[in-house]
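What follows is one structure encoded as structure tokens, with my remarks underneath.
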Amino acid sequence: MQLSLIAQDDVFSPARALAVGIDRPELRRLSRESRVHHLHHGWFATRVPVDDRDRHRLRLAALLQQYAERAVASDASALLLLDLPTYEPDWTVAHLLRTRPTAARRAKAHRKPDLVVRPALDHAQAPRLPVTGRMVHPAVAVALAGLTDPCAFLVPADAALRAGRVTPADLGLAVEVIGRRPGIERVRAALPRCDARHESPGETLTSWVLHHLGYRTVPQFAVPGTEAFTPGGLGYRADLGIVGTRVLVEFDGRSKYASAQDLWDEKRREDRIRSLGWEVVRVTWADLQHPERVRRLVETAVRRAAASRLARRHAG
């Protein structure tokens, strides 16, 4: 098949197919045989997508070619190209951003069930956070993704900060560049909570939940007294330490313990920490969906830590 000659990023249009002698009836036959895959009107892929994320990537490749230089990837679509984590993305909807202003009457986002095309950024500010290749600046992509949910901003923001792909100043400027669009106040409110020390989306979201429960936290908290347990005397670190307490919070993701040895090492680590009078609270994705459950876990741990400290004083 000659499709590999005319496909770009694994996608092609019927016009390109016709250039190698494949007409529309032939394309329909190839599609029925799963030798090509129909993405959306006027575009096909040379392979069947492996999942929703992969289908989104293929549709995005087609859309970027279809819009040529008139639009770039934005929101979660840009985060996909940037290989940054996302929070509950809807991979059935592609997101683009126009590169040039349009007439005032068309300045609003153009929305379809499977596509959102946002109006161009503030022309005066945009050059300070330029388009990079086929997408907006990473900071702008992160901020646009957060217009619907602050968690959708914080998760990729922390990852981008940790990887050195954006700076706090970039994120602040992105908020100003986006301007007064619906949802921007959600992003602005979440901006002070960004922290490169959060090492996973789970840690980011745990910190966010604890913040709204009224707790101040320190990411990657160095646990005092544990220096002797580690090579070089660095001591153990907890995902989060709650300020003013002897309570540590660890986020437990599915992939944290790859083997039985990992489980054993973590148990020994936690036993050593508890032996020094610290309480450890473990939260999961399910817990984060119920903040009051997290509050109960933390409050119980605070009481245990206080009782343990009192008992130690009496014993001394």
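Numbering-wise (numbering that gives the first Met the number 0), the sequence shown opens with residue 0 and increments by one.
C-beta: ideal position from N, C-alpha, C; glycine also.
**Q.** C-alpha gap between R236 and A300, whole angstroms
**A.** One-based indexing of the sequence shown puts residue 236 at position 237. One-based indexing of the sequence shown puts residue 300 at position 301. Answer to the nearest angstrom: the Cα atoms are 18 Å apart.
Q) What do you reckon, is the C-beta of G231 under 6 Å from a heavy atom of the ligand NAP? A) This structure lacks the ligand NAP, and indeed carries no ligand of any kind.
Q. Would a C-beta distance cut-off of 7 Å place V282 and V293 closer than the cut-off?
A. As a working note, residue 282 is residue 283 in the sequence shown. As a working note, residue 293 is residue 294 in the sequence shown. Yes.
Q: Since I believe L114 is in contact with V139 (beta carbons under 8 Å), could you give me their beta-carbon distance rounded to a whole number of angstroms?
A: Here residue 139 is taken as the residue at index 140 of the sequence shown, counted from 1. Here residue 114 is taken as the residue at index 115 of the sequence shown, counted from 1. Contact flag wrong, Cβ pair sits at about 19 Å.
Q: Tell me the start and end of each unbroken beta strand (DSSP E) in the stretch 237-292 that is at least 3 residues and wholly inside, in chain order.
A: 246-250, 278-282
Q) Candidates R97, K107, D50, R127: which alpha carbon is nearest L172's? A) The residue given as residue 172 occupies position 173 in the sequence shown. L172 has its Cα closest to that of R127, out of R97, K107, D50, R127.
Q) Skipping 5 residues on each side, what residues in its chain have a beta carbon closer than 6 Å to that of R161? A) By 1-based counting over the sequence shown, the position of residue 161 is 162. If we look at R161 and ignore the five residues flanking it on each side, its Cβ neighbours are A195.
Q | Coil, strand or helix - L114 by DSSP | A | Indexing the sequence shown from 1 puts residue 114 at position 115. In this structure, L114 counts as strand in the three-state DSSP scheme.
(Q) If you measure between the beta carbons of L80 and M134, is that distance less than 7 Å? (A) Position 81 of the sequence shown, counted from the start, is the residue given in the question as residue 80. Position 135 of the sequence shown, counted from the start, is the residue given in the question as residue 134. Going by C-beta atoms, L80 is nearer than 7 Å to M134.
(Q) For a quick check, are the C-beta atoms of S30 and H40 less than 7 Å apart? (A) As a working note, residue 30 is residue 31 in the sequence shown. As a working note, residue 40 is residue 41 in the sequence shown. No; because the gap between Cβ atoms is not below 7 Å, this pair is not in contact.
**Q.** Residue closest to L247, alpha-carbon to alpha-carbon, out of L262, G234, P218
**A.** The residue you call residue 247 lines up with position 248 of the sequence shown. Nearest of L262, G234, P218 to L247, Cα basis: P218.
Q | Beta-carbon separation (whole angstroms), V279 vs R271, contact threshold 8 Å | A | Here the question's residue 279 lines up with position 280 in the sequence shown. Here the question's residue 271 lines up with position 272 in the sequence shown. That belief does not hold up - the Cβ atoms of V279 and R271 are roughly 11 Å apart, past 8 Å.
**Q.** Which listed residue (V130, T98, P48, A70) has its alpha carbon closest to that of W90
**A.** Taking the first residue of the sequence shown as 1, we reach residue 90 at position 91. It is P48.
Q: Output the residue ranges of the alpha helix (DSSP H) runs that lie fully inside the stretch 39-83 and measure 4 residues or longer, sorted by chain position.
A: 51-65, 74-81
Q. Can you give the Cα-Cα distance for R267 and S206, rounded to whole angstroms?
A. The residue labelled residue 267 in the question sits at position 268 within the sequence shown. The residue labelled residue 206 in the question sits at position 207 within the sequence shown. Those two C-alpha atoms are separated by around 25 Å.
Q) Considering H94, what are the terminal residues of the alpha helix (DSSP H) in which it resides? A) Here the question's residue 94 lines up with position 95 in the sequence shown. Careful: H94 lies outside any alpha helix (DSSP H), inside the beta strand (DSSP E) at 93-97.
Q. Within 10 angstroms of its Cβ, does H316 collect 16 or more other Cβ (buried), or is it exposed?
A. Nothing can be reported for residue 316, as the shown portion of the chain is limited to 0 through 315.
(Q) Can you list, in chain order, the residues of its chain with a C-beta nearer than 6 Å to that of G252? Leave out the 5 residues immediately preceding and following it. (A) Looking up residue 252 in the sequence shown gives position 253. Answer for G252: G201, listed in chain order.
Q | DSSP state of R215 mapped onto helix, strand, coil | A | On the sequence shown, position 216 is the one that residue 215 refers to. R215 falls in the coil class under three-state DSSP.
Q: Work out the CA separation of S3 and T45 for me, nearest whole Å.
A: As a position in the sequence shown, residue 45 is number 46, starting the count at 1. As a position in the sequence shown, residue 3 is number 4, starting the count at 1. Going from the Cα of T45 to the Cα of S3 covers about 8 Å.
Q.
Check for me: the alpha helix (DSSP H) holding C150 runs from which residue to which?
A. For the purposes of this step, residue 150 is taken as residue 151 along the sequence shown, with counting starting at 1. Start and end: 149-161.
Q | Rounded C-alpha distance that separates G163 from P24 | A | One-based indexing of the sequence shown puts residue 163 at position 164. One-based indexing of the sequence shown puts residue 24 at position 25. One C-alpha to the other measures close to 50 Å.
(Q) So, with DSSP's three-state summary, where would you put R104? (A) If you number the sequence shown from 1, residue 104 lands on position 105. Per-residue confidence for R104 stands at a pLDDT of 46, beneath the threshold of 50, marking its modelled position as unreliable; the derived number appears in the next sentence. Helix at R104.
Q.
Could you check whether G234 and T225 sit closer than 7 Å to each other, using their CB atoms as the reference points?
A. Looking up residue 225 in the sequence shown gives position 226. Looking up residue 234 in the sequence shown gives position 235. Yes.
Q.
Assuming contact is defined by CB atoms lying nearer than 7 Å, are R97 and A61 in contact in what I supplied?
A. Working through the sequence shown from its first residue, we reach residue 97 at position 98. Working through the sequence shown from its first residue, we reach residue 61 at position 62. No, the Cβ-Cβ distance between R97 and A61 is not below 7 Å.
Q. What's the C-alpha gap between D148 and A285?
A. In the sequence shown, counting from the first residue as 1, residue 148 sits at position 149. In the sequence shown, counting from the first residue as 1, residue 285 sits at position 286. When rounded, the distance between both Cα atoms is 18 Å.
Q: Per DSSP, which residues does F11 bridge with? Please list them.
A: Along the sequence shown, one-based indexing puts residue 11 at 12. Note: F11 sits in a beta bridge opposite F43.
Q | Sub-7 Å separation of R187 and V174 beta-carbons | A | Within the sequence shown, numbered from 1, the residue matching residue 187 stands at position 188. Within the sequence shown, numbered from 1, the residue matching residue 174 stands at position 175. Cβ atoms of R187 and V174: closer than 7 Å.
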